Amino acid sequence: MSGFLGLGANPQPRARTWSAGAKLIVVCVLALLMNIPGLFVQGLVTDRMTRAAEAAARISGPATSVTVDAYQSVNRSLKYVLLFEGLVFLTYFTFEVTSRKRVHPAQYVLVGVAQIIFYLLLLSLSEKVGFDVGFLIAGAATVGLLSVNANWIFRSPMLGLRALAVFTPLYGLIYVLLRLKDYALLVGAVASFAAVAAAMYLTREIDWYGALTAQGAEKQRTAAESSS
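Okay, so the sequence shown: first residue is 1 according to UniProt numbering, each after it adds one.
Structure (structure tokens):
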């Protein structure tokens with residue numbers, strides 16, 4: 001009877017097999033929750049943009065026009081915050097299940113906070129040096145931090161370099177989308193499709209039920225050795 005109820009000598013694997021699925025749900029929820037600070041930043045941008053527009057109406061000039069354009073660009077970038085936060089989280093989660101190094105949800109929160117701070121940096125720098133230079137500085141700093149953080153979390157310089165190779169074009173894509181007008185939606189949709197397809201391909205041989213457990217790690221290690 002105990003065996004039928006799953007209460008035999010080793011009842012733990014049944015509960016532990018949900019660890020990877022539960023972690024994926026947690027990551028998705030965190031990505032959604034991190035959109036809340038993004039709304040705060042968007043409100044800050046809107047307030048400053050309104051003030052700049054009022055100042056431009058009183059004193060017309062190239063400086064005020066450039067400032068308003070910079071605020072509009074930052075405001076447009078915030079429309080993609082959930083998409084790109086999700087892609088960064090997906091990258092970290094893919095690294096987690098492929099490297100079998102467990103990542104605490106608090107570390108995902110820090111990754112999300114770093115991405116929100118990117119928009120604050122972009123806003124403050126755009127006011128001083130213009131949007132293009134501000135995006136270059138804020139983007140380079142954020143990509144560098146996220147890549148180094150991947151190295152710290154997974155204790156693998158190789159994964160740190162892979163993160164750099166993923167996040168650099170990812171943040172470059174944000175800039176491209178902001179500069180495109182007629183094709184921004186098309187490019188964003190195609191890029192998102194390609195990212196999901198890449199994640200499917202990279203995780204095609206992963207045992208999702210045991211990817212984050214010791215037994216799952218041993219199975220994947222054995223499978224890798226047998227295939228080689």
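No residue lacks a Cβ here, since even glycine has one placed at the ideal position from N, Cα and C. Model, not experiment: these values are computed from the prediction.
- In the three-state reduction of the DSSP assignment, Gly-130 falls in the coil class, being assigned neither a helical nor a strand state.
- DSSP, reduced to helix, strand and coil, places Arg-155 outside both helices and strands of the structure shown, so it counts as coil.
- CA-CA distance, Thr-98 to Val-196, rounds to 16 Å.
- Within the same chain, Cβ atoms closer than 8 Å to the Cβ of Thr-46 are found at Asn-75, the five residues on either side in sequence being excluded.
- Only residues of its own chain outside the window of five on either side were considered, and among them Ser-147 have a CB closer than 6 Å to the CB of Leu-164, listed in chain order.
- Judged by their CB atoms, Gly-112 and Met-34 are nearer to each other than the 8 Å cut-off.
- The beta carbons of Tyr-92 and Tyr-108 sit about 7 Å from each other, so the pair counts as a contact at 8 Å.
- When secondary structure is reduced to three states using DSSP, Glu-96 falls in the helix class.
- Within 10 angstroms of the beta-carbon of Gly-86 lie 16 or more other beta-carbons, which makes it buried.
- One thing to note: Ala-114 has its Cβ within 8 Å of the Cβ of Leu-145.
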